[in-house]
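Trainee:
Protein chains in written order, with the working numbering: chain E, 160 to 490; chain Z, 160 to 490.
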C-alpha cells in the first residue's frame, strides 16, 4: 500500500483535523464524534442539515459543511457508517428550533444508524425528518444495500436543500424538496481500478490491464459487468444510455450534467469525458443548464468516474445556482 | 495504459473542447492554436496575461483562464512547450493597448518558444514583458531546465498579477509584481508513482512498492533522491525543511501554505498532510494567512504532492484574496 498517511487508524481523524485547521474561522471539529460543524451554528432561523457517512468519499461529505450546504457531518471509519451515538450527539449539538434534516445515502448500515439516532433524538423532543438518497441506476440491490445505492447525486440534494434552508424553508418543505431532487437524479459509474482502504492495505478488487467495471459502487461493490476497456466516448455512451433510459430523460428536458471523478482520475480526463458527454446530451435534445466536472463523491484512490443527470425545473435550477461557502475552495 | 481517453493524439484537443463546452459563456476555444481565451477579451483597459505550457498539469494552466486570472493559454502537447507560432498568434489575438504579460515556467523549451514569439510580436508593435517562474527548491538544474524549475508556485504569480491587472496595473508594474511573488515563493514535491503520458503508454519512471522520490519535477524528472517510503508526517517534515531553509522563511513571517496534489492523490490525503504541515509551520512561528489544499499543478496521473510556502506582505495577501472566476468551479 502506497499512501500519504501515518497510522491507518488515524487516517480519518487526521484528515478531519486538516479540514478544520484549513477552515478555522468557519468550521469546528469535535474529535469525539468525528464531527465537523459550522462554527456559527446552530441557527434557530434555519433547519440544521446533517449528513453522516463512511469516510473515503471526500470531498463528500466532510468537506461540504458550510453556508448553503451542510450544517454538520459526523464521519464513520472508511466505508463504515458512523455509530448511532455519534449521529445522536451531533444531532443534539446542531439542533435548531426549526428541526434537523438527515440526508442519508441508501446503505443498510447508514440507515440503521440514522434511524436509531432519530428515535433517541425525538425522545429528547428534537424534530427530525430524513431524505434517503438512491440515485445509482446500476444495480437494484447490492452488497450493502436494499434498493439502489446513493452516490454522486447526493451533491444535488445537499446543494438544493442547503440553499432552501438558508432562506428559511421549513423541515417539511426541505424533506419534500430533497425527495423531489432524488426523484429526478440518476447516476452510473465505472472503474479502471479498485481502491485500497488504509486499514486493509490491499485493493478491494483488482482488474487486469485491459478490464474495467461498469456500474461500480463507491465502496468497491460489484457493478453490472466486468468488460474489456473501451474508449472514453464508448464508455460515456454506455453510462449515458443507462442513465437516460432509467428516469427516463426526454428531448426538451432542462438538465444538470455532472462528470464526477472517483478519486485518482486526472481532471484532464474528466474534462475530456465531459466534452463528449455534453455533445451527446445536447444531440439527444436536452438542454444543459448547469454542469459540474470534478471530484464530488469519490472512492479513496479508485480510478474511474460517474455520470449524473438531474432533470431541472426553474426552482431547482435557481437553488443549484445559489451561493455556498464550503471547506474546499480552489482560490 | 489505463486511461479514460480516445486517441492519444486527441487527448489535448478533446480536453480543451470539454473545458470550453463547460464554460461556453465565458471562454472561447480556438483549436488551431490549442488556445483557450476569455470570451470577453481583449480589454484595452487591462494588460492581457498569457501562459503557454505543456499539457498534463491541469488545472494549470488551461483551466485557470478567466476574470482575475489568465486572459488566455495556448497549450502544447503533453509535457511539450507550445510551438512559438501558437504563442505568437495567441499574443496577437489577446493583445491590449496596455500590453501583454507572459508568465513562463522555467523550462528551456518554454523559454525558447516564448522568446521567439516575443520577438515576432514586438516587431508587430505589441508591448510584451515576461515573468519567469522558478519556485522549485529541489534541484538547481534539471533534465529540462537551466536553473530552477517552475512548479505549483505558478498559481500565486498568476493570482496576484491577475488581480492587479483587473485593477488597471501597468505592464511594468505587473512585471515587477510577478517577479516579487517569485522571489518569495518556494516549493518542493515528492512522488509515490510515475505518470504515464498518453502517447507513451507506459510510466516515465517506476518506483517499487516501498519507494518514493523526493524533490520530483512535474514531468517525471528526477528529484533529489529515491528513498524508502516514510510516514506522511516525516515526508512533510522533509519537504518543509527544504522549503523553509531555502528562502529562508523566519519566525514571525506571514505566509500562504499550499498542499498541491500531483493528479492521482485523494483529497483526503492532501488534507491529512495539510493538518500536520499547518501545525509545524505555526510551531516554527510563522503565521498562516491563507491556505490552499487541492490540485493546482499536476503531473497527469502521478501520485504525490508538493508543499509551497509564500512569504506575504499586506499587498500580496490582499491580491491573493481578490475575487476570480475560472473554468473549474466546485459549485
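Where is the CB? At the ideal position from N, CA and C, for every residue including glycine.
1. Jot down the residue ranges of each uninterrupted alpha helix (DSSP H) in the region 282-333 of chain Z, minimum 4 residues, whole runs only, in chain order.
2. For my contact list, residue 268 of chain E and residue 245 of chain E are in at a C-beta cut-off of 8 Å; report their separation, rounded to the angstrom.
3. Do you know how far the Cα of residue 241 of chain Z is from the Cα of residue 281 of chain Z?
4. I need the DSSP call for residue 341 of chain E, collapsed to helix, strand or coil.
5. Can you tell me whether DSSP reads residue 350 of chain Z as helix, strand or coil?
6. Return the chain-ordered list of same chain residues with a C-beta closer than 6 Å to the C-beta of residue 218 of chain E, the five sequence neighbours on each side being excluded.
7. Is the beta carbon of residue 324 of chain Z sitting closer than 9 Å to the one on residue 485 of chain Z?
8. Given this structure, state the Cα-to-Cα distance separating residue 185 of chain E from residue 286 of chain Z, to the nearest angstrom.
9. Quick one: using the 10 Å Cβ neighbour count with 16 as the cut-off for buried, is residue 256 of chain Z buried or exposed?
10. Could you tell me which residues DSSP pairs with residue 418 of chain Z in its beta bridges?
11. Going by DSSP in three states, residue 485 of chain E sits in which element: helix, strand or coil?
12. Give a yes or no on whether 9 Å exceeds the smallest Cβ distance from residue 445 of chain Z to chain E.
13. Does the structure place the region 196-211 of chain Z close enough to the region 223-239 of chain Z that three or more beta carbon pairs sit under 8 Å?
14. Give me the Cβ distance between residue 373 of chain Z and residue 349 of chain Z, rounded to the nearest whole Å; I'm assuming they're in contact under 8 Å.
15. With a Cβ-Cβ cutoff of 9 Å, do residue 465 of chain E and residue 421 of chain E count as a contact?
16. I believe residue 448 of chain Z touches residue 415 of chain Z by the beta-carbon criterion, under 8 Å. Please report the beta-carbon distance rounded to the nearest angstrom.
17. Cα-Cα, which of Z:227, Z:343, Z:354 is closest to residue 413 of chain Z?
18. Does the beta-carbon distance from residue 321 of chain E to residue 483 of chain E come in below 9 Å?
19. Looking at the secondary structure, which residues open and close the alpha helix (DSSP H) in which residue 439 of chain E lies?
20. Is residue 277 of chain E buried or exposed, if buried means 16 or more other CB atoms sit within 10 Å of its CB?
21. Quick check on the DSSP output: the alpha helix (DSSP H) that includes residue 404 of chain E runs from which residue to which?
22. On the three-state DSSP scale, how would you describe residue 197 of chain E?
23. Distance cutoff 9 Å, beta carbons only. Does residue 356 of chain E sit that close to anything in chain Z?
24. Using a Cβ-Cβ cutoff of less than 8 Å, which residues in the same chain neighbour residue 437 of chain E once the five nearest sequence positions on both sides are dropped?
25. Given a threshold of 16 other Cβ atoms within 10 Å of its Cβ, counted over all protein chains shown, does residue 392 of chain E qualify as buried or as exposed?
26. Hey, is residue 176 of chain E's beta-carbon within less than 9 Å of any beta-carbon in chain Z?
27. Determine, using beta carbons only, whether residue 296 of chain Z and residue 206 of chain Z come nearer to each other than 9 Å.
28. For a test of the three-state rule: what should DSSP assign to residue 370 of chain E, helix, strand or coil?
29. Indicate the three-state DSSP secondary structure (helix, strand or coil) for residue 101 of chain E in the structure shown.
30. Can you pull the chain E residues whose beta carbon is under 9 Å from the beta carbon of residue 401 of chain Z, in chain order?
31. Between the region 183-195 of chain E and chain Z, which residues of the former have a C-beta closer than 7 Å to a C-beta of the latter?
32. How long is the line joining the alpha carbons of residue 400 of chain Z and residue 365 of chain E, rounded to whole angstroms?
33. Taking a contact to mean a Cβ-Cβ separation below 9 Å, would you say residue 318 of chain Z touches residue 471 of chain Z in this structure?
34. On the DSSP bridge list, what partners appear for residue 385 of chain E?
35. So that I know if they touch, is there some Cβ in chain Z lying closer than 9 Å to that of residue 457 of chain E?
36. What residue from Z:263, Z:179, Z:174 has the CA that sits closest to residue 307 of chain Z's CA?
Mentor: Looking at the coordinates:
1. 313-325
2. Indexing the first chain from 1 puts residue 268 of chain E at position 109. Indexing the first chain from 1 puts residue 245 of chain E at position 86. About 13 Å; that fails the 8 Å criterion.
3. In the second chain, counting from the first residue as 1, residue 281 of chain Z sits at position 122. In the second chain, counting from the first residue as 1, residue 241 of chain Z sits at position 82. Computed Cα separation, rounded: 19 Å.
4. As a first step, residue 341 of chain E is located in the first chain; it is residue number 182 there, counting from the start. Reduced to three states, the DSSP call for residue 341 of chain E is helix.
5. Position 191 of the second chain, counted from the first residue, corresponds to residue 350 of chain Z. DSSP places residue 350 of chain Z in strand when its eight states are reduced to three.
6. Within the first chain, numbered from 1, the residue matching residue 218 of chain E stands at position 59. Here the set comprises 487.
7. Position 165 of the second chain, counting from 1, holds the residue named residue 324 of chain Z. Position 326 of the second chain, counting from 1, holds the residue named residue 485 of chain Z. No; because the gap between Cβ atoms is not below 9 Å, this pair is not in contact.
8. As a position in the first chain, residue 185 of chain E is number 26, starting the count at 1. As a position in the second chain, residue 286 of chain Z is number 127, starting the count at 1. Distance between the alpha carbons of residue 185 of chain E and residue 286 of chain Z: 44 Å.
9. Counting from one through the second chain, the residue named residue 256 of chain Z turns up at place 97. Exposed.
10. What you label residue 418 of chain Z is simply residue 259 of the second chain in a count that begins at 1. Partner(s): Z:452, Z:466.
11. Taking the first residue of the first chain as position 1, residue 485 of chain E is located at position 326. Of the three classes helix, strand and coil, the one that applies to residue 485 of chain E here is coil, per DSSP.
12. For this step, residue 445 of chain Z is matched to residue 286 along the second chain. By this cut-off, residue 445 of chain Z is not an interface position.
13. yes
14. In the second chain, the residue the question calls residue 373 of chain Z occupies position 214. In the second chain, the residue the question calls residue 349 of chain Z occupies position 190. Sure, about 5 Å apart at Cβ, within 8 Å.
15. Here residue 465 of chain E corresponds to residue number 306 of the first chain, with the count starting at 1. Here residue 421 of chain E corresponds to residue number 262 of the first chain, with the count starting at 1. Yes, these two residues count as a Cβ contact at 9 Å.
16. Position 289 of the second chain, counted from the first residue, corresponds to residue 448 of chain Z. Position 256 of the second chain, counted from the first residue, corresponds to residue 415 of chain Z. That pair is a contact at about 6 Å.
17. Counting from one through the second chain, the residue named residue 413 of chain Z turns up at place 254. Ranking the options by Cα distance to residue 413 of chain Z, first place goes to Z:343.
18. Translated into positions along the first chain, residue 321 of chain E becomes position 162. Translated into positions along the first chain, residue 483 of chain E becomes position 324. It is a contact, given that the beta carbons lie within the stated cut-off.
19. Translated into positions along the first chain, residue 439 of chain E becomes position 280. It spans 426-442 - the alpha helix (DSSP H) in which residue 439 of chain E sits, taken as one unbroken run.
20. The residue labelled residue 277 of chain E in the question sits at position 118 within the first chain. Buried, since its Cβ has 16 or more Cβ neighbours within 10 Å.
21. Within the first chain, residue 404 of chain E is the residue found at index 245, counting from 1. 391-405 is the extent of the alpha helix (DSSP H) around residue 404 of chain E.
22. For the purposes of this step, residue 197 of chain E is taken as the residue at position 38 of the first chain. In the structure shown, residue 197 of chain E sits in a strand (DSSP, three-state: E or B).
23. Here residue 356 of chain E refers to the residue found at position 197 of the first chain. Output row for residue 356 of chain E: interface = no.
24. For the purposes of this step, residue 437 of chain E is identified with residue 278 of the first chain, where counting begins at 1. So the list reads 416, 447, 450, once near-sequence residues are dropped.
25. Reading the first chain from its first residue, position 233 is the one you call residue 392 of chain E. Classification for residue 392 of chain E: buried.
26. Counting from 1 along the first chain, the entry for residue 176 of chain E is found at position 17. Yes, its Cβ sits closer than 9 Å to a Cβ of chain Z.
27. One-based indexing of the second chain puts residue 296 of chain Z at position 137. One-based indexing of the second chain puts residue 206 of chain Z at position 47. For residue 296 of chain Z and residue 206 of chain Z, no; Cβs fall outside 9 Å.
28. Locating residue 370 of chain E in the first chain gives position 211, counting from the first residue. The answer is strand: DSSP assigns residue 370 of chain E an E or B state.
29. One cannot answer for residue 101 of chain E here, as it falls past the ends of chain E, which runs 160 to 490.
30. On the second chain, residue 401 of chain Z is found 242 positions in, with the first residue counted as 1. Correct list: empty, because the minimum Cβ distance to chain E is about 17 Å.
31. none
32. In the second chain, residue 400 of chain Z corresponds to position 241, counting from 1. In the first chain, residue 365 of chain E corresponds to position 206, counting from 1. Looking at the two C-alpha atoms, the distance is approximately 38 Å.
33. For the purposes of this step, residue 318 of chain Z is identified with residue 159 of the second chain, where counting begins at 1. For the purposes of this step, residue 471 of chain Z is identified with residue 312 of the second chain, where counting begins at 1. The answer is no: Cβ separation not under 9 Å.
34. Here residue 385 of chain E refers to the residue found at position 226 of the first chain. Beta-bridge pairing links residue 385 of chain E to E:372.
35. The residue given as residue 457 of chain E occupies position 298 in the first chain. Closer than 9 Å: yes.
36. Locating residue 307 of chain Z in the second chain gives position 148, where the first residue counts as 1. Of the candidates Z:263, Z:179, Z:174, the one whose C-alpha sits nearest the C-alpha of residue 307 of chain Z is Z:263.
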